[in-house]
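Report on the following structure.
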Amino acid sequence: MTSAANAGKGGAPAPPVSRSSGLLWLFFRLGALALIDAITIFLVYNFLLDGVVSLAVVLALIAIFLNVVFLREELYPLRWISPGMALLILIVIYPIFFTVYISFTNYGD
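See the structure below:
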């Protein structure tokens, strides 16, 4: 039987990553983040103008979280779950908190 300590020592080495594909992937990742950030800034600005401060803050925090996750290499495993977490916050959690907030105010008056 092999022990758990020896289990990770075998196997084939990782394939070499060419410099051009790594650089291309970095530019693609930064471009996608820049596009997401530009859309987020536009939406946050419009939400603040319309007086929906809570949604603007939540959207800004989600964008900051996504930037941190996609720019830090040690958070690589979170890259696969972060879009789902962002959508969960926007579509499920935020409406619940907003509904509770509205239920204790005279929003219509």
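Its first residue numbered 6, the sequence shown is counted upward by one per residue in the numbering used here. All C-beta atoms in this analysis are idealised placements derived from N, C-alpha and C, irrespective of residue type, glycine included.
- DSSP, reduced to helix, strand and coil, places Val-57 outside both helices and strands of the structure shown, so it counts as coil.
- Cβ-Cβ separation between Ser-87 and Leu-71: approximately 6 Å, consistent with a contact (criterion under 8 Å).
- A residue is called buried once 16 or more other Cβ atoms fall within 10 Å of its Cβ, and Ile-101, having fewer, is exposed.
- Secondary structure note for Ala-17: it is in no alpha helix (DSSP H), with a DSSP letter that is neither H nor E.
- Our two residues, Leu-35 and Ile-107, have alpha carbons roughly 38 Å apart in a direct line.
- In the structure shown, the three-state DSSP call for Thr-110 is coil.
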